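Okay, structure first, notes after.
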Amino acid sequence: MLLSFWFIGLFCFFVSGYANVISALSLEHKMQTISIVGGVPAEPGEFQNLIILRYNNKLRCGGSLIAPNFVLTAAHCLYGFSIAKTSAFSVMANTLNLDGGDKSITRAVIKFIIHERYNPNTYVNDIAILVLDSPIRNVTLISLPNAKVPTTTVKPSTTKATTIKPSTTVKTTLKPHQTSTIKTPMCSCTCEPGSKPVITTQLDAKASYSDYKNMPAVIAGWGTTAAGGSISKDLLKANVTVLPNAVCINQYSSNEFFGNTMLCAAAPGKDTCQGDSGGPLFVEGVQVGITSWGYGCAEPNYAGVYTRVTTFVEWIKRTMARNPVAAVKSIKSDL
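Those letters in the sequence shown? Residues -19 to -1, 1 to 316, by mature numbering (1 follows the signal peptide of the UniProt record, and there is no 0).
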């Protein structure tokens, strides 16, 4: 009898250990960092205003220089970090290489502002602004669209895709503390226990927007070049096409894709992926999207999803105006 109990106990031990190994491997797979899938190296002088956002000197996300002291990025890159962690963030501009170079420019982040209505479960309003400690000069700023464009959005279809959806990819690079029950990030969105994001309280004003449907676009960033691959040291770019909202909703669902704050873009074998979050999507040289989320990377049935910048132009202007660098520095010195 004693031998039987011993055998059962030993069997349970091995089963439990095996399950833990499988669970750990699965979690590791979800946390793999991925860059521009199907991209080609950017040319010297291209994308000088593309930003590398670092946390403790490691790649966190991408971003874009919209003013000498301000960087546009995705809210999920910063969500969950407390004010005390701000000093761990830095940015680098004017470089094609992840490690920088002779002409690269590095600045400290002194404040970040997450959209007050950002939803970490649905990625609605996935937009944020970084305030830099000193201006970045001699670098052309990113061009933003005009928010006052008549709405031409196609009425969304409610037909859902019949293919099985792979894991949702939120395109950052650090380890997540927890996994959403709505979307399962394959990357990192650090949410420290008890921490709160730095957010504002002003509600965003409603703005009209263009859907840019069927227009050619350009994506660029660092990260990894294939699911489960290693991070690309060189800046990569790729051509994609902005898809009609109806197609995006057909691929995802009307409960996941919201055409007033999101757009989607794709091309065969090309996509943004982990490490590229917060980076820009360009149409005719204007940033119309911020890399946000998607199912997998370059999945044939699912386009990459981007924050629709036109919806937030007024929010961007208002947020920069309310956070002048001198005032931010003054507040920090009093803390």
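Quick reminder that beta carbons are idealized off the backbone N, C-alpha and C, glycines included. Predicted model, so just to flag it, every value in this text is computed and none were measured.
- Listed in chain order, the non-local C-beta contacts of Phe293 below 6 Å within the same chain comprise Ile108, local neighbours out to five positions each way being set aside.
- Taken atom to atom, the span from the alpha-carbon of Asn226 to that of Leu244 is near 7 Å.
- A check of alpha carbon separations from Asn236 across Val105, Asp80, Pro305, His57 identifies Val105 as the nearest.
- The alpha carbon of Met301 has as its nearest neighbour, out of Ile94, Asn75, Gly270, Ser85, the alpha carbon of Ile94.
- By the neighbour-count criterion, in which a residue is buried when 16 or more other Cβ atoms sit within 10 angstroms of its Cβ, Ala308 is exposed.
- One thing to note: Ile271 has its Cβ within 8 Å of the Cβ of Leu53.
- The DSSP assignment places 31 to 36 as complete runs of the beta strand (DSSP E) inside the region 16 to 42, in order along the chain (cut-off: 3 residues).
- The distance from the Cβ of Val120 to that of Gln268 is about 15 Å, inconsistent with a contact at the 8 Å cut-off.
- Judged by DSSP secondary structure, Ala56 falls outside any beta strand (DSSP E); it is assigned neither H nor E.
- Remark: C-beta atoms of Ala219 and Ala248 approach each other more closely than 8 Å.
- Secondary structure of Thr272 (DSSP, three-state): strand.
- For Met301, the secondary structure class from DSSP, reduced to helix, strand or coil, is helix.
- For Ile312, the number of other beta carbons within 10 angstroms of its own is below 16, and it is reported as exposed.
- With distances taken between CA atoms, Tyr99 lies nearest to Leu59 out of Leu31, Ala198, Leu59, Leu40.
- The alpha-carbon separation between Cys42 and Ser258 amounts to approximately 5 Å.
- DSSP places Val90 inside the beta strand (DSSP E), whose first and last residues are 86 to 95.
- The beta-bridge partner set that DSSP reports for Lys218 consists of Val21, Ala201.
- Using a 10 angstroms sphere on the CB of Val21, the tally of other CB atoms stays under 16, which defines it as exposed.
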